[in-house]
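The listed protein sequences correspond, in order, to chains Z and P.
If you're matching positions, the first sequence starts at 0 in numbering that gives the first Met the number 0 and goes up one per residue.
If you're matching positions, the second sequence starts at 0 in numbering that gives the first Met the number 0 and goes up one per residue.
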Amino acid sequence: MDWSPLWISLATSVTATVITLVVGLAAAVWRERHSGAALALVDGIFLLPLVLPPTVVGFFLLLLFGRHGPFGQLLPHFGVTIVFSWPATVIAATVVSFPLMYITARAALEQVEPGLLEAARTLGATEWRVFREIALPLAWPGVLAGTILSFARALGEFGATLMIAGNIPGRTETIPIAIYFAVEADDIQRALYWCAVDVIISLALLSGLYLWTRTQGFASPRRPAH
Amino acid sequence: MALDVQLEKKLPHFELNVAFTAAEAPLSILGPSGAGKTMLLRCIAGLERPDRGRISLGERVLFDSERNIRIPARQRRVGMVFQNYALFPHRTVAENIAFGMRELSSEKRPARVSELIERTHLKELIDRYPRALSGGEQQRTALARALAIDPEALLLDEPLSALDTHLRSQVEMQLQEVFSVYRRPALLVTHNIEEAYRLGERLLVLSRGRMAAYGAKEDVFRHPPTREVAQVTGCKNFSRAKMNSDGSVEAFDWRCRLRVDQTTPKPPAYVGIRAHYIDFLESAPANAGKENVFPCWLVRASETPFRITLYLRLHDPNGEDGTYDLQAEVFKEKWQRFRNAPCPWHVRLPPESLFVTPE
């Protein structure tokens, strides 16, 4: 039994989730501090990978990272090729999971009472400290939920990954891709096996998330002032 | 140290435009809701940017639109107590208080914490989270947290308005204690006249963004510069008026001639008297016809536990349709003594309690 699709899937999803957490959180913070009609377009672009078919996302990524794309021409100078390599699976998973992170992190940050951030500022805290010690801890339940959803989405990514990373066993063959090619090759046993693994991981994640949000008294930390 | 404020800021419905200096004594800022009081504090704290003006605290310029100076809130060292307290819900009382001390030198900190906890009586509560505190305890924590940064000025936004009546006087006494030690500029925003009077030494009346009155609280109450200030500070009785050639004041709405001690340079437009100052004469007939003494009829009365508000019609009993000239406030014991006497009663409007305003 070749376990490599499991390890590749986990490595890809973890890496993509870490990137998406940092970038998504940064985007949410940046967006919270700026307002304007033009930024609706930015929001749209950030959320696009959520609604576009993964094949469309994969195609755009191919255009960017392919041999004639801007990155595809630039990166080989540094000895890096993206297409059909493991980093390509990470890029695909990051792009499709980013909207989930962004949208949940933003909602969580918006729920933090602005007065608390202002109070911290009058107490001498730098913007970084205001974020790290007040905004982030209070938004944390939402941010963590976003992280888990992003991880689940990254784990299930198929279309864009196939287009930009292909199916190279031991390198880019993630669980969903392994399932697809197992079915293609009429290897029902193998397909069923990987399906079971996928269901177990996803179910554990989602039930864990559900249980965790229910035990958090944190979600309503303030009692009314009156 | 003095807090020098001079600023203009356009708000949705009016312009905030103030200029005052708060020295080392508490200044009450009184005004109806939406008069710009909170906005004023936020500008001083650095949470809002004025359109024009200058704010300085001692030697430090915090804001100057002409010189393009705008010190951020975190560097202003201005302690602010928010109306809803804005305590950090994920931190204990002790952690809330210590939050601002990060910027204080480390050898100063322990002494400061124990001093503050002592002063605000929070000793038993230091390990609690804000949600487990009563309103009064939250207020004290917020005050201790603001004082922890050793602020060079203290701003309190309606510090008592969220509290139950029985807690108010307790917290108010605590504020008085703090003010007696804290001899630096302190601004206290309120819409409660009595709080403003008890807690402040000076009084600023704000109305639609303008300073309607500013001065020692006794002066503002005794000689309100305008009818509006008199109203905001709780005066209920006004009559249109003009000055007679003999120096007396003709009160048109009250249909009488009054002697008034206060003299104003400008010709008066209104004469007024506070409801508490109206004097009920018990040996009425002997006093009838004397200076500032008038017969009156009761139109209606409204009771509170210890006092009664009497709505009175002067000179004649024609007040049945509910129109009244004066609103008088009397302690119930006093009222018991004359309530059964037949109308007309006789009231005296003491010359020293009457004031005239130009507008």
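Quick reminder that beta carbons are idealized off the backbone N, C-alpha and C, glycines included.
Keep in mind the model is a prediction, meaning the values are calculated, not measured.
Pick from P/M79, P/P49, P/F178, P/L86 that is closest to P/R69, judged by C-alpha positions: Residue mapping note: residue 69 of chain P aligns to position 70 of the second sequence, counting from 1. The candidate whose alpha carbon is nearest that of P/R69 is P/P49.
Rounded straight-line distance, which links the Cα of Z/V56 to that of Z/R1: As a position in the first sequence, residue 1 of chain Z is number 2, starting the count at 1. As a position in the first sequence, residue 56 of chain Z is number 57, starting the count at 1. For clarity, residue 1 of chain Z is Asp in the given sequence; the question names Arg instead. About 29 angstroms.
Below-8 angstroms beta-carbon distance, Z/P136 vs any chain P residue: As a position in the first sequence, residue 136 of chain Z is number 137, starting the count at 1. So, interface residue.
Interfacial residues, the segment 133-151 of chain P to chain Z, with Cβ spacing under 9 angstroms: G134, Q137, A141, R144, A145, A147, I148, P150
CB contact check: Z/A224 to chain P, cutoff 8 angstroms: Position 225 of the first sequence holds residue 224 of chain Z. The predicted model places Z/A224 with a pLDDT of 39, which falls under 50 and marks its position as unreliable; any figure quoted below should be read in that light. Yes, Z/A224 lies at the interface with chain P (some Cβ there is under 8 angstroms from its Cβ).
Proximal chain P residues relative to Z/R120, where beta-carbon distance stays under 8 angstroms: Start at 1 with the first residue of the first sequence, and residue 120 of chain Z comes out as number 121. What Z/R120 touches in chain P: G45, L46, P71, A72, R73.
CB of P/A21 within 8 angstroms of CB of P/L186, strictly: Translated into the one-based positions of the second sequence, residue 21 of chain P becomes position 22. Translated into the one-based positions of the second sequence, residue 186 of chain P becomes position 187. In this structure, P/L186 lies closer than 8 angstroms to P/A21 by Cβ.
Three-state class that DSSP yields for P/M0 in the structure shown: Working through the second sequence from its first residue, we reach residue 0 of chain P at position 1. P/M0: coil per DSSP, three-state reduction.
Residue of P/K241, P/L205, P/A240 minimising C-alpha distance to P/E227: Stepping through the second sequence from its first residue, residue 227 of chain P is reached at position 228. Closest option to P/E227, Cα to Cα, is P/L205.
Selection from P/V112, P/Q74, P/G208, P/M38 that minimises the alpha carbon distance to P/F81: The sequence position of residue 81 of chain P within the second sequence is 82, counting from 1. For P/F81, the nearest C-alpha among the options comes from P/M38.
Chain P contacts from the segment 98-129 of chain Z (Cβ-Cβ distance under 8 angstroms): E112, G114, L115, E117, A118, A119, R120, T121, L122, G123, A124, T125, R128
Three-state secondary structure (DSSP) of Z/P48: For the purposes of this step, residue 48 of chain Z is identified with residue 49 of the first sequence, where counting begins at 1. Three-state result, Z/P48: helix.
Short CB-CB distance (under 8 angstroms) between P/A85 and chain Z: Taking the first residue of the second sequence as 1, we reach residue 85 of chain P at position 86. Interface residue, yes.
Cβ of Z/I133 within 8 angstroms of any chain P Cβ: The count along the first sequence starts at 1 and reaches residue 133 of chain Z at position 134. Judged by the 8 angstroms Cβ criterion, Z/I133 is in contact with chain P.
Status (buried if at least 16 other CB within 10 Å, exposed otherwise) for P/Q137: Sequence index remark: in the second sequence, residue 137 of chain P carries index 138 (1-based). The residue in question, P/Q137, is buried, as its Cβ has 16 or more Cβ neighbours within 10 Å.
Continuous beta strand (DSSP E) stretch holding P/D236: start and end: As a first step, residue 236 of chain P must be located in the second sequence, where it is residue number 237. The sequence shown places Asn at residue 236 of chain P, rather than the Asp named in the question. Its beta strand (DSSP E) spans residues 236-242.
Own chain residues within Cβ distance below 7 angstroms of P/E328, not counting five before or after: Along the second sequence, read from residue 1 onward, the residue named residue 328 of chain P stands at position 329. Taken in chain order, the residues that qualify are A274, H275, R306, T308.
Unbroken alpha helix (DSSP H) run spanning P/R53, endpoints: Position 54 of the second sequence, counted from the start, is the residue given in the question as residue 53 of chain P. Careful: P/R53 lies outside any alpha helix (DSSP H), inside the beta strand (DSSP E) at 51-56.
CB contact check: P/F62 to chain Z, cutoff 8 angstroms: As a working note, residue 62 of chain P is residue 63 in the second sequence. No, P/F62 lies away from the interface with chain Z (no Cβ there is under 8 angstroms from its Cβ).
Cβ of P/G99 within 8 angstroms of any chain Z Cβ: To locate residue 99 of chain P, count along the second sequence from 1; it is residue 100. By this cut-off, P/G99 is an interface position.
Limits of the alpha helix (DSSP H) - the one that P/D218 falls within: Taking the second sequence and counting its residues from 1, the one referred to as residue 218 of chain P is at position 219. Residues 216-221.
is_contact[P/V92, chain Z] using C-beta, thresh 8 angstroms: Walking along the second sequence from the start, residue 92 of chain P turns up at place 93. By this cut-off, P/V92 is not an interface position.
Nearest-angstrom Cα separation, counted from P/R201 out to P/L26: Against the second sequence, residue 26 of chain P aligns to sequence position 27. Against the second sequence, residue 201 of chain P aligns to sequence position 202. Cα-Cα distance, rounded: 5 angstroms.
Distance, P/N291 Cα to P/P349 Cα: Residue 349 of chain P sits at position 350 when you count from the first residue of the second sequence. Residue 291 of chain P sits at position 292 when you count from the first residue of the second sequence. Those two C-alpha atoms are separated by around 7 angstroms.
From P/Y269, P/R139, P/F178, residue whose alpha carbon lies closest to that of P/V170: For the purposes of this step, residue 170 of chain P is taken as residue 171 along the second sequence, with counting starting at 1. If we check each option's Cα against that of P/V170, P/R139 comes out closest.
Beta-carbon contacts of P/T303 that lie in its chain and below 8 angstroms, excluding the five residues immediately before and after: Residue mapping note: residue 303 of chain P aligns to position 304 of the second sequence, counting from 1. Hits under 8 angstroms: none found.
Local conformation of P/Q175 per DSSP, three classes: In the second sequence, counting from the first residue as 1, residue 175 of chain P sits at position 176. Helix at P/Q175.
Any C-beta of chain Z under 8 angstroms from that of P/V77: Translated into positions along the second sequence, residue 77 of chain P becomes position 78. Interface residue, yes.
C-beta contact flag for P/Y269 and P/A300 at 8 angstroms: Residue numbering aside, residue 269 of chain P sits at position 270 when the second sequence is read from its first letter. Residue numbering aside, residue 300 of chain P sits at position 301 when the second sequence is read from its first letter. Cβ atoms of P/Y269 and P/A300: not closer than 8 angstroms.
Beta-carbon proximity check, P/P341 vs P/P266, cutoff 8 angstroms: Stepping through the second sequence from its first residue, residue 341 of chain P is reached at position 342. Stepping through the second sequence from its first residue, residue 266 of chain P is reached at position 267. No; because the gap between Cβ atoms is not below 8 angstroms, this pair is not in contact.
Inter-residue spacing [alpha-carbon to alpha-carbon] between P/H222 and Z/T103: Within the second sequence, residue 222 of chain P is the residue found at index 223, counting from 1. Within the first sequence, residue 103 of chain Z is the residue found at index 104, counting from 1. Distance between the alpha carbons of P/H222 and Z/T103: 58 angstroms.
CB of P/G33 within 8 angstroms of CB of P/P150, strictly: The residue given as residue 33 of chain P occupies position 34 in the second sequence. The residue given as residue 150 of chain P occupies position 151 in the second sequence. No, Cβ-Cβ distance for P/G33 and P/P150 is not below 8 angstroms.
Extent of the continuous beta strand (DSSP E) run through P/L311: Your numbering for residue 311 of chain P matches position 312 in the second sequence. Taken as a continuous stretch (DSSP letters only), the beta strand (DSSP E) holding P/L311 covers 306-313.
P/P316 versus P/F330: straight-line alpha-carbon distance, rounded: If you number the second sequence from 1, residue 316 of chain P lands on position 317. If you number the second sequence from 1, residue 330 of chain P lands on position 331. Their Cα atoms are separated by approximately 24 angstroms.
Beta-carbon separation (whole angstroms), Z/E172 vs Z/P52, contact threshold 8 angstroms: As a working note, residue 172 of chain Z is residue 173 in the first sequence. As a working note, residue 52 of chain Z is residue 53 in the first sequence. Not quite, the Cβ-Cβ distance comes to about 22 angstroms (not below 8 angstroms), so this is no contact.
Partner residues on chain Z for P/F81, Cβ-Cβ distance less than 8 angstroms: Within the second sequence, numbered from 1, the residue matching residue 81 of chain P stands at position 82. Chain Z residues near P/F81: G114, E117, A118.
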